[in-house]
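Residue numbers (this note's numbering), protein chains in the order written: chain C, 1 to 211; chain Z, 212 to 339. Each residue gets a CB set at the ideal place from its N, CA and C atoms; glycine is no exception. Contents: one structure, followed by commentary.
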């Protein structure tokens, strides 16, 4: 089993998970978000590198002491990490239980992928964009019906408290009122941990990618 | 203080705690590097490898070692890292995505043994 990885960023503190973390960015995403920060993950021409779970573990274990001492570990992002759910499950079996594994995801994947990864992951950072289907489709080019089903799955599985839901203000696409409406809908579903933020708009379309 | 230096400072404190907790002699010195800091460097990497070796040798002798959870309250070590970030959960941003093949090409640089690209350790916003 191999997965294409666009980048690995070590020794992150306080940005994507508890403790010291390493971010692993997978290639590919089902969405085409207008302000995507990492559009290179969508391009097969980007010089990614293929790893087996064993190879990735061998590379990341250089920071094992920091992970263990701080309650940190690995944050899988991308791209959409859930597209590589079997890889993540295999990685968990290799790294053991002590590393924290976080997923930064849109949840816009089929249920079986989420069911594969969820038992192996400690926490989810879910970017829901906007709960309004029309706004979501306008911004991402996709439907959020699967996202809503997957959010319900996480609640039913008792994982709501292990989720941080990103509820962004998306310039040109939603409003502060829409953000509040999304949060209200999510609270009614059972989610309580939110990250309100405003998307950056100046990055996409500069013509040089994100490098 | 720039973010990389803050990370370096936090990691050094973690190493110091591991050493104290496991009765490992650990001598470090203040970093005198003046330029951009990625949060680690060959000297820092050598210190953590030294600790790994010392811990392993103690395990081989049947001694109990303690690492797990020593610095869980990382915010207490490096509070600036947690207050300077206006977008709490981060992601790669422009200049942050390390091209993988370049990660190994620049290991001889003075200030990094990891991704050499500017902005590799930054706070930013995930936008899938």
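Apart from sequence neighbours up to five positions away, the residues of its chain that approach residue 250 of chain Z with a beta-carbon distance below 6 Å are 215, 218, 219 and 332, ordered along the chain. Inclusion of residue 68 of chain C and residue 104 of chain C in the CB contact set at 8 Å is not warranted, their separation being larger than that value. According to the DSSP assignment, residue 34 of chain C belongs to no beta strand (DSSP E), since it is labelled neither H nor E. Using a Cβ-Cβ cut-off of 8 Å, residue 235 of chain Z does not count as an interface residue toward chain C, since no Cβ of chain C sits closer than that to its own.
If you draw a straight line from the Cα of residue 188 of chain C to the Cα of residue 182 of chain C, it comes to about 10 Å. Residue C:129 holds the alpha-carbon nearest to the alpha-carbon of residue 180 of chain C among C:49, C:22 and C:129. Of all alpha-carbon atoms in Z:242, Z:263, Z:264 and Z:265, the one lying nearest the alpha-carbon of residue 254 of chain Z is that of Z:242. Within the stretch 248 to 265 of chain Z, those residues whose Cβ lies closer than 7 Å to any Cβ of chain C are, in chain order, 250, 251, 259, 262 and 263. Listed in chain order, the non-local C-beta contacts of residue 131 of chain C below 6 Å within the same chain comprise 182 and 185, local neighbours out to five positions each way being set aside. Counted as a single uninterrupted DSSP element, the beta strand (DSSP E) harbouring residue 168 of chain C occupies residues 163 to 169.
Close to residue 282 of chain Z, with beta-carbon spacing below 9 Å, are these residues of chain C in chain order: 19, 20, 66, 69, 70 and 71.
Counting along the chain, residue 196 of chain C sits inside no alpha helix (DSSP H); it lies in the beta strand (DSSP E) bounded by residues 194 to 198.
Here residue 239 of chain Z is exposed: its Cβ has fewer than 16 other Cβ atoms, across all protein chains shown, within 10 Å.
Distances from the alpha-carbon of residue 261 of chain Z to those of C:143, C:63 and C:164 put C:63 closest. Excluding its 5 nearest sequence neighbours in each direction, residue 51 of chain C has C-beta neighbours in its own chain below 7 Å: 2, 3 and 5, listed in chain order.
Residue 107 of chain C carries a coil assignment under DSSP once its states are collapsed to helix, strand and coil. The beta carbon of residue 230 of chain Z sits no closer than 8 Å to any beta carbon of chain C.
Excluding the 5 residues flanking it on each side, residue 18 of chain C has same chain C-beta neighbours closer than 7 Å at 71, 72 and 100, in chain order.
Counting C-beta atoms within 10 angstroms of its own C-beta, residue 268 of chain Z has fewer than 16 neighbours from the protein chains shown and is therefore classed as exposed. Contacts between residue 98 of chain C and chain Z, judged by CB atoms closer than 9 Å, involve 279 in chain order.
At the C-beta level, residue 165 of chain C and residue 194 of chain C come within 8 Å of one another.
Residue 78 of chain C sits close to residue 26 of chain C, with the two beta carbons spaced by under 8 Å. 8 Å or more divides the Cβ of residue 144 of chain C from the Cβ of residue 16 of chain C. In the three-state DSSP reduction, residue 102 of chain C falls in the strand class (E or B). For the stretch 216 to 227 of chain Z, the residues whose beta carbon sits under 7 Å from a beta carbon of chain C are, in order, 218, 221, 222 and 225.
Using a Cβ-Cβ cut-off of 8 Å, residue 186 of chain C does not count as an interface residue toward chain Z, since no Cβ of chain Z sits closer than that to its own. For residue 155 of chain C, the enclosing alpha helix (DSSP H) begins and ends at 145 to 156.
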